[in-house]
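Here is the structure we will look at, set down as structure tokens.
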Amino acid sequence: MKGFLSNRRRTRSSSGLRGLLCPLLGACLWAAVVGYKPVVIVHGLFDSSGDFKNLQRFINESHPGTNVTVIDLFDRSASLQPMWKQVEGFKAAIYPIMQNAADGVHFICYSQGGLVCRGIVSTLSDHNVNSFISLSSPQAGQYGDTDYLKYLFPQFVKSNLYHVCYTSFGQRISICNYWNDPHHRDLYVNSSDYLALLNSERPNPNATEWKKNFLKIKKLVLIGGPDDGVITPWQSSQFGFYDDNETVVEMQQQDLYLRDVFGLKTLAARGDIILCSVPGVEHVWWHSNETVFHMCMEKWLD
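End of the sequence shown sits at 356 in my numbering; the numbers just go up one at a time, nothing left out.
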């Protein structure tokens, strides 16, 4: 009888242990099967990696176990360095993450960082970026009298900044690399060492290769909104921009889209461009706004 009771206790104990272990094991197996892709975050002008704690938390809550890396380079004033220099620096830091991610990575690139990321995916032939999430980034360029402009160039307004930006000196400052004055198109096309090349708006011997690389991304998610207050026009975050009357021409009517110079029209035909417009969000809050995350980013991070 004593042995029988002892055996029953052992059976109950092992049964209880199995009851605890099974859900745990199931959770582990589920996590292993889901295997969320690593997320790489690239910051914008005057930011640093510490500004993205909320975004990291949103990702980890919705996609537990995701490896999230905020690249800690070109912080604060160093973000004014030339865009190609930043592309090479960020590329060197991100490439090992890509190499260790057999199923690929996701990019979330904020503000100026969205243009850095375009430089990376365009020039890196063996990148494995799945979702490229461009978060309030001046993808078609910048032309506006903003607080950033007043801080950087207190003696200038948007209408005369071309005198600085479209010089060899100006092109050593990141914002000038994507300053797009709609009233001085020829100067922009001939002087911009970065955006005009990425957009193939002037002859570029690498254009075919860069387009091929760009089209390796699986999804292009373009996030912006009318209350941004910094990206000007705000539609630049979705490849819209001013004509010479400062009337906004949407992406689908832009020459660079219609001629498919670097792949936008092809991506759209594939159904792989997602536009997400959210009102009521100021520029500095995009990466900390949980609604924006759930509306525009969450589903593209699997």
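All C-beta atoms in this analysis are idealised placements derived from N, C-alpha and C, irrespective of residue type, glycine included.
Would you identify the three-state DSSP class for Leu276, choosing helix, strand or coil? As a working mapping, residue 276 is identified with position 222 in the sequence shown. Note: Leu276 maps to strand in three-state DSSP.
Does the Cβ-Cβ distance between Tyr220 and Leu249 come in under 8 Å? Here residue 220 refers to the residue found at position 166 of the sequence shown. Here residue 249 refers to the residue found at position 195 of the sequence shown. Contact: no.
Do you know how far the Cα of Pro333 is from the Cα of Leu109? For this step, residue 109 is matched to residue 55 along the sequence shown. For this step, residue 333 is matched to residue 279 along the sequence shown. Cα to Cα, Leu109 sits roughly 19 Å from Pro333.
What separation, rounded to the nearest whole angstrom, lies between the Cα atoms of Lys265 and Gly198? What you label residue 265 is simply residue 211 of the sequence shown in a count that begins at 1. What you label residue 198 is simply residue 144 of the sequence shown in a count that begins at 1. Lys265 and Gly198: Cα-Cα distance of roughly 29 Å.
From the DSSP output, in three-state form, read off Ser188 for me. Position 134 of the sequence shown, counting from 1, holds the residue named residue 188. In the structure shown, Ser188 sits in a strand (DSSP, three-state: E or B).
Rounded to the nearest angstrom, what separates Ser331 and Ala156 at their Cα positions? To locate residue 331, count along the sequence shown from 1; it is residue 277. To locate residue 156, count along the sequence shown from 1; it is residue 102. Answer to the nearest angstrom: the Cα atoms are 32 Å apart.
Should Pro287 go down as buried or exposed, given a rule of 16 or more other Cβ atoms within 10 Å for buried? Locating residue 287 in the sequence shown gives position 233, counting from the first residue. That one is buried.
Which residues bound the beta strand (DSSP E) around Ile95? Reading the sequence shown from its first residue, position 41 is the one you call residue 95. Unbroken beta strand (DSSP E) run through Ile95: 93-96.
For Gly119, count neighbouring Cβ atoms within 10 angstroms of its own Cβ and tell me buried if that reaches 16, exposed if not. Taking the first residue of the sequence shown as 1, we reach residue 119 at position 65. Result: exposed.
Quick check on Lys353: buried or exposed, where buried means 16 or more other Cβ atoms within 10 Å of its Cβ? Along the sequence shown, read from residue 1 onward, the residue named residue 353 stands at position 299. Exposed, because fewer than 16 other Cβ atoms sit within 10 Å of the Cβ of Lys353.
With a cut-off of 8 Å on the beta carbons, I'd call Leu99 and Gly173 a contact; round off their distance for me. Position 45 of the sequence shown, counted from the first residue, corresponds to residue 99. Position 119 of the sequence shown, counted from the first residue, corresponds to residue 173. With a Cβ gap of about 15 Å, Leu99 and Gly173 do not count as contacting.
Looking only at C-alpha atoms, which of Val159, Ile95, Asn244, Gly224 sits nearest to Asn182? The residue given as residue 182 occupies position 128 in the sequence shown. Of the candidates Val159, Ile95, Asn244, Gly224, the one whose C-alpha sits nearest the C-alpha of Asn182 is Val159.
Taking Cβ positions, are Ser190 and Ser222 nearer each other than 8 Å? Position 136 of the sequence shown, counted from the first residue, corresponds to residue 190. Position 168 of the sequence shown, counted from the first residue, corresponds to residue 222. Taking 8 Å as the Cβ cut-off, Ser190 and Ser222 do not qualify as a contacting pair.
Threshold first: 4 residues or longer. Then list the alpha helix (DSSP H) segments lying entirely within the stretch 86-152, N to C. 107-116
Would the beta-carbon of Val346 fall within 8 Å of that of Val335? In the sequence shown, counting from the first residue as 1, residue 346 sits at position 292. In the sequence shown, counting from the first residue as 1, residue 335 sits at position 281. Yes, these two residues count as a Cβ contact at 8 Å.
With which residues is Trp233 paired in a DSSP beta bridge? Counting from 1 along the sequence shown, the entry for residue 233 is found at position 179. Trp233 is bridged to Gln196.
Based on DSSP bridge pairs, tell me the residues matched to Leu329. Residue mapping note: residue 329 aligns to position 275 of the sequence shown, counting from 1. According to DSSP, which records beta bridges pairwise, Leu329 is partnered with Leu276.
Have a look at the DSSP bridge pairing and note the partners of Tyr296. In the sequence shown, residue 296 corresponds to position 242, counting from 1. Val302.
Sorted by chain position, which residues of the same chain lie with C-beta nearer than 8 Å to Asp201's C-beta, five sequence neighbours on each side aside? On the sequence shown, position 147 is the one that residue 201 refers to. Counting only Cβ-Cβ distances below 8 Å, and skipping sequence neighbours, we find Val284.
Spell out the partners DSSP gives Phe161 in its beta bridges. Reading the sequence shown from its first residue, position 107 is the one you call residue 161. Answer by DSSP bridge pairing, in chain order: Val94, Phe186.
Under the three-state reduction of DSSP, which class applies to Leu215: helix, strand or coil? To locate residue 215, count along the sequence shown from 1; it is residue 161. Three-state DSSP puts Leu215 in coil, outside helix and strand.
What is the C-beta distance between Ile162 and Thr123, in whole angstroms, given that I count them as a contact (C-beta under 8 Å)? Residue mapping note: residue 162 aligns to position 108 of the sequence shown, counting from 1. Residue mapping note: residue 123 aligns to position 69 of the sequence shown, counting from 1. Contact flag wrong, Cβ pair sits at about 11 Å.
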